[in-house]
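Line by line, the protein sequences are chains A and B. Under the working numbering, the first residue of the first sequence is numbered 1097, with each subsequent residue one higher. Under the working numbering, the first residue of the second sequence is numbered 892, with each subsequent residue one higher. To start, the structure itself, in structure tokens.
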Amino acid sequence: RKEVEQDPGPFNVPEGATVAFNCTYSNSASQSFFWYRQDCRKEPKLLMSVYSSGNEDGRFTAQLNRASQYISLLIRDSKLSDSATYLCVVKAASKLTFGTGTRLQVTL
Amino acid sequence: DTAVSQTPKYLVTQMGNDKSIKCEQNLGHDTMYWYKQDSKKFLKIMFSYNNKELIINETVPNRFSPKSPDKAHLNLHINSLELGDSAVYFCASSQVSLDFSSGNTIYFGEGSWLTVV
């Protein structure tokens, strides 16, 4: 089992739609969780951290379920500019492990 | 101003050659990293340095040798390049070594696209 698993997609959604991505992790001792965004041929950039109680940043909501070892990212009112690959990132044993990402394509 | 800069951005070279990728960060961070992203988009850490000291060395062939002359620079030298080395190599830095709590984050350079032919 991979340390961090994501559905690679692509998720093709129309503008204005709500879309959700899930990510599962295998190490129950994982301590911190993040979502990064990577545009085509660009570097990954932090989108948001994921806190135990769940957190929201504008149109983006992140949730953590430690019991089931998964995290989620919800994007409301999708914009064309949200088109990118979303990387789930988990910290365990002082190391960051990246998922392979879920590709989102928002269309008109 | 680019926070983490790496050069060259694109590199095409023949098998067997030796090449270097340079990285510099102007964020005042203590820790720098090299990551490799392969054709399947899998981003994996190779090395991490904290204040010029090697702290993470994943299972990477000996042909890869990082060098950190000071905490703002971390270069990657690759000997005897092989076809399988073709990938995007990202340099990164963070303020506190391996502590990503409290919003502390890792900043990536723009990547160096290496193609071995």
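The beta-carbon is built from N, C-alpha and C at its ideal position, and this holds for glycine as well.
- Think of a sphere of 8 Å around the beta carbon of B/K931: the chain A residues whose beta carbon falls inside it are T1196, in chain order.
- With three or more CB-CB distances shorter than 8 Å, the region 1182 to 1191 of chain A counts as touching the region 1120 to 1134 of chain A.
- The C-beta of B/L967 comes no closer than 8 Å to any C-beta of chain A.
- Here A/K1175 is exposed, its C-beta having fewer than 16 other C-beta atoms within 10 Å.
- By the beta-carbon neighbour count (other beta carbons within 10 angstroms, threshold 16), B/T950 is exposed.
- Here B/L918 carries a coil assignment [DSSP, helix/strand/coil].
- For B/E1001, the neighbours in chain A by C-beta distance under 8 Å run, in chain order, K1138, E1139.
- Using a Cβ-Cβ cut-off of 8 Å, A/K1191 counts as an interface residue toward chain B, since at least one Cβ of chain B sits closer than that to its own.
- A/R1199 is not a Cβ neighbour of A/T1114, given a cutoff of 8 Å.
- Taking the CA atoms as reference points, B/P957 sits about 18 Å from B/Y998.
- Below the 8 Å Cβ cutoff, chain A contributes no neighbours of B/L918, its closest Cβ being approximately 14 Å away.
- At a cut-off of 8 Å, the C-beta of B/I936 has a neighbouring C-beta in chain A.
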